[in-house]
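There are 2 protein chains.
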Amino acid sequence: MNPAEIIARKRDKKILTSEEINYFVLGYTKGDIPDYQMSALLMAILLNSMTAEETAALTNAMLESGDQVVFDPHKPIYVDKHSSGGIGDKISIILAPLMAVCGLKVPMLSGRGLGHTGGTLDKLESISGFRTDLSIEEYKAGVESVGCIITGQTAEIAPADRMIYALRDVTATVESIPLICGSILSKKFAAGPNSIVFDIKCGNGAFMKNMEQAEDLGRNLRHICQAMAKGSAYLITDMNQPSGRAAGNALEIDECVLALNGQGPDDLMQIVFSLGECMLNLGGISAGNEAIMQQMAKIEDGSAFEKFLEMIAYQGGQTKAIESGKPIAPAKKIISVHSDVSGYIESIDTYRLGRLIIEMDGGRTVVGQQIDLTTGFVIHEKIGDQVDRGELIFEIHSSGKLEDSYLIKAFRECIRITNEEVSSPELIKSKSI
Amino acid sequence: MNPAEIIARKRDKKILTSEEINYFVLGYTKGDIPDYQMSALLMAILLNSMTAEETAALTNAMLESGDQVVFDPHKPIYVDKHSSGGIGDKISIILAPLMAVCGLKVPMLSGRGLGHTGGTLDKLESISGFRTDLSIEEYKAGVESVGCIITGQTAEIAPADRMIYALRDVTATVESIPLICGSILSKKFAAGPNSIVFDIKCGNGAFMKNMEQAEDLGRNLRHICQAMAKGSAYLITDMNQPSGRAAGNALEIDECVLALNGQGPDDLMQIVFSLGECMLNLGGISAGNEAIMQQMAKIEDGSAFEKFLEMIAYQGGQTKAIESGKPIAPAKKIISVHSDVSGYIESIDTYRLGRLIIEMDGGRTVVGQQIDLTTGFVIHEKIGDQVDRGELIFEIHSSGKLEDSYLIKAFRECIRITNEEVSSPELIKSKSI
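From first to last, the protein sequence lines are chains C and B.
In this text, residue positions in the first sequence follow the numbering used here: the first is 1275, and each later residue adds one.
In this text, residue positions in the second sequence follow the numbering used here: the first is 1275, and each later residue adds one.
Below, the structure is given as C-alpha cells:
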C-alpha cells in the first residue's frame, strides 16, 4: 500500500477499505507517514466525506493506536454518556452515580472546557482533592467496585486521535462530521463502554446551532456505532438557555448536590431522567416509565447521593464539604442583577453567558491555563418566565477582578424581555433510541 | 494573516486574494509555513479549483520566489513555446533556431523526460559536449547574441514551484489544472519571454487523452496568461502516433538535422510551421501564409540550420558530427520489424511505444537515472498508410540488452492493421490565437 494512492482514492471520492484506513492511521501514529500526507488526506475527507463504515474503520484505527480498556463485552451494563457541550451542563456528574445505583457500570472519560462551554473535569476539580488523573488500573478497578468513575484521558488512550486533532486544528480540517465523530468515539470506546447515549445540545449556547446540524451529527454517531457493533441512542436537547440554574465550576457541583438530594431544577431533572432512561434501556435494566420511577426512587432514598460520595472518595476527593450542603467553593463576591423592565423573558444569549464565565477566569482562553473555579452565575428566571421590574434575574459569582458595573451591564444584555407572553422551549427536541 | 484561515477559505470555495496567495507561497518557500499546511491547501485547491486570477496570482508568487530573467518587456520578439509532451516530439529543437533566424528571440528553459514522454534536454545531450546547465548570465547573453537558447532550469528559478511540485507528487495533488498551469507558467515566465505558444498534445501518446481535457488545459493557460498580461496562443495537435518518424534521444536529433535541411517528414513540418506561425504572429514579425513562407525560405537557404549549429556551439556542443549528416550516436544494433499482414494501419499504441523506449533505457523510471541516448525507433508507416505483408514498419535501435524477439513482438503489438481503408488523422485539431 502507498499513502499517496490512498489519498488519491479519497480525492477521487472512492470508498476507502478498512485496511487502507488502518495502514494510514497506524503508519501516521508510528511516524512512518508524515504530517503532510495526513493533512492532504484530512482535507480530502473533509471535502469528500466518508461513509459510516469508513468512519467506523477510522474510529477503530484510532482506538487501536493506543491502550484500550475492556470490561465485559457481553454484559450490556457498561454504558457511557456523551454531551456535545453547553452552558450549565452538569448532567454527567448527576447521571454517573444515579446510573450506578440503578445497576449500570459507568466508565466515563471526560474532558476540559472547549470553546465557550464548561468541562466536566474542571467542575469536579472544585471538589478538594478530587483526582481526574487516575491510572488505567485505578479507573478500571473503580468502575467495577464503585460502579462509576469520571476521569481524564490518559496519554495511552487513542494517541492517533490526539496527533490528528492537533494537525486538524492548524490545517482547517476541524469541521468535518466524520472526523468529529471519529475523534469523539475513538476516545469514548477506548474507555470500555459497550454503548453510549449522546446528548446533542442544540441552540445558541451549543456547537450545533440548528436541528439540521444536530440531527446530522446524531444520525452519523448512531450509524458509526452500528458499524462498530456498539449500542447507541441520542437525544437532541435545547441549549437556548443554561441547563438548570447554575453555571460555573463549583456552582455546578453545588447544583449537582441539590439534584442528587431531590432539589434539582425541573428542566435539568427532565433531561437527566430522559438520558438516564436511554442508558438504563441500553443497559438492559429497565425502560420507559419504569426507568424514570427507578431513578426518582434512587434519589428519594438517598442512595444516588451516597454513590456520588463514594465516587468522590474513591477518586481522592473530600466529601465533608459536599455532605454539609453548603457551597463548596464560594466566590469572593455575589453581585445581584435585577430586571430593569417588566415583561416575559423572550431569549437568552447563552453563548455570551459562556464567554462571560471565561472572562471571569472560569474557563480557558489558552490550553493549560489555570482557572478560577469559584466564578459563574445563578440564573433565577428562564425563557417564558414573567419578571417584574426590580426582580432578581442573575446572581453573578465574581472574583472581583472585573468591575461590578461592567458585569451587570453585560449580564443584563444577555436577556431579552418582551411585553408579550412567551412559551418556554421544548426541552427534548428529538429522541432516537 | 493566518495560514489555517487561508486554507479554510479555499476549503469553503472562497476566492483567495493575491495577498493571501503571496503570503502562503512566500511563507512556504521561506520555511515559515510547514509542508502539512501547504498540502492541505493544495488538496483544497485540487478539489475546489481556482479562478484564472487566483492561478495568475499563484503563478506570480512562485515566479517571484526566485530569480527572474528580464529581457525587454516592451519588445514582443521574446517568444517561447511549450509542449505538453508526447512521443517523438522534437519540435522545440527545430523551432528555436528557425524562429531566431526569422527575427524572434527564443528564451527556452526545457525539461527532462516525464512519464512515458521524452525530454528536450535529454535529446540535446546526445550532442557531444552540449551543456544544458548554463548559468543565468550565459543563458541571457546567449538569447541576445545567438537568438535562441535551450537549457535547463537553474536552482534559482521558481524555487517555490520545485518545493510545491515535490510535495504534490507525494500528496496526490498533481492532477489539478490550476496547479499544473501555475507550475508550467511560473518556470516559463521566470525565463523571460513576453509570450508563449502552447502545443497541447492530445491522444493516446499524450497526457491529455481527449479534446475536452486538452481544450480545458489550453483555455486555462490562455486565461492565466491574460491575467498575467502576457501574450499566448495554443494549438491542440494529434498525438495518436509519434511526431515525425524518429523517437528516442539521438535519433530525434538526427531527424531535427534532416528537418532543418529541408528533409523533415510532412506531418512533423506541418506542426512546426503552424506553431512557428503563431510565434511569429505573437512576436509581431509576420502572420498567416507570409509566416509559413518565411519559415520555408529560412530552411531552404540553410540559415536555420546554421543558427542551430551556432546555438550548439554556444552551448559547448560539437558540431562536426551534426554537420556530417551521419547519425550522431548510432545504437549497437538495428532490428527491422516487418508487417506480418497486409492492410491499412488503423491505430498505433503511442503510449506503449514511449514505454518501450524507457524499457530500452532511453528514459528514466527513477529521477536522476543515467539513460542510453542511442536507443529508440524509426517508424516507416503511419495511420492510414497501406502496408503489404513483409513491408518494413519499424527499425528498432537497441542496445542489445533486451531480446530481439521480445522487442519485435512488442513493437508489432503496438500497430493495429485492418482490411478497410483508413484516413490519416487531422494533425491540428484546434487553434486558438
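Cβ atoms here follow ideal geometry from the backbone N, Cα and C, with glycine treated the same way.
At a CB-CB cut-off below 9 Å, which residues of chain B make contact with residue i?
i       : result
R1663/C : The contacting residues do not exist; R1663/C stays about 45 Å from chain B at best.
Mind checking whether the beta-carbon of residue i lies closer than 8 Å to any heavy atom of the ligand GTP?
i       : result
R1519/C : This structure does not include the ligand GTP; it has no bound ligands of any sort.
Against chain B, does residue i count as a neighbour if the rule is that its beta carbon must be under 9 Å from one of theirs?
i       : result
L1398/C : no
L1554/C : no
E1279/C : yes
L1453/C : no
M1324/C : no
A1533/C : no
Contact criterion: CB-CB distance below 9 Å. Does residue i meet it with respect to chain C?
i       : result
Q1544/B : no
A1434/B : no
A1480/B : no
A1282/B : yes
Determine the burial state of residue i: buried for a count of at least 16 other Cβ atoms within 10 Å of its Cβ, exposed for fewer.
i       : result
G1637/B : buried
L1627/C : buried
S1339/B : buried
Y1680/B : exposed
S1708/C : Chain C is shown only over 1275 to 1707; residue 1708/C falls outside these bounds and no answer can be derived.
E1669/C : buried
R1663/B : exposed
K1606/C : exposed
E1328/B : buried
I1622/B : buried
I1438/C : buried
H1390/B : buried
L1534/C : buried
K1397/B : buried
S1366/B : buried
V1712/C : Residue 1712/C is absent from the model: chain C starts at 1275 and stops at 1707.
V1343/C : buried
Counting only Cβ pairs nearer than 8 Å, list the residues of chain C close to residue i.
i       : result
Q1311/B : S1313, V1444, T1445
L1441/B : Y1310
L1316/B : A1314
For residue i, go through chain B and note every residue whose CB falls closer than 8 Å to its CB, in chain order.
i       : result
L1320/C : R1285
Practice task
Give a yes or no on contact between the stretch 1330-1345 of chain C and the stretch 1287-1296 of chain C, applying the rule of three or more CB pairs nearer than 8 Å.
Solution key: yes
Problem - Contact list for the stretch 1288-1308 of chain B against chain C, Cβ threshold 9 Å - result: P1308
Problem - Against chain B: residues of the stretch 1330-1354 of chain C by CB proximity under 9 Å - result: none
Exercise for the section: Indicate whether the contact test is met: 3 or more Cβ pairs, each with one atom in the stretch 1513-1528 of chain B and one in the stretch 1358-1373 of chain B, closer than 8 Å. Expected result: yes
Practice task
Determine, using beta-carbon pairs with one atom in the stretch 1445-1457 of chain C and one in the stretch 1490-1504 of chain C, whether at least three such pairs fall under 8 Å.
Solution key: yes
Exercise for the section: Taking 8 Å as the threshold, find out whether the stretch 1684-1696 of chain B comes into contact with the stretch 1615-1622 of chain B through three or more Cβ pairs. Expected result: yes
Practice task
Spell out a yes or no on whether the stretch 1413-1429 of chain C and the stretch 1539-1547 of chain C are touching, meaning 3 or more CB-CB pairs, one atom from each, closer than 8 Å.
Solution key: no
Practice task
Examine the Cβ distances between the stretch 1313-1323 of chain B and the stretch 1473-1491 of chain B and report whether three or more of them are shorter than 8 Å.
Solution key: no
Practice task
Check whether the stretch 1421-1428 of chain C touches the stretch 1395-1412 of chain C, counting contact only when three or more Cβ pairs, one atom from each stretch, lie closer than 8 Å.
Solution key: yes
Problem - Stretch-stretch touch, CB-based, cutoff 8 Å, three pairs: the stretch 1318-1325 of chain B with the stretch 1520-1528 of chain B - result: no
Problem - Segment contact flag, the stretch 1638-1651 of chain C with the stretch 1584-1592 of chain C, C-beta cutoff 8 Å, min 3 pairs - result: no
Exercise for the section: Spell out a yes or no on whether the stretch 1468-1485 of chain B and the stretch 1303-1312 of chain B are touching, meaning 3 or more CB-CB pairs, one atom from each, closer than 8 Å. Expected result: no
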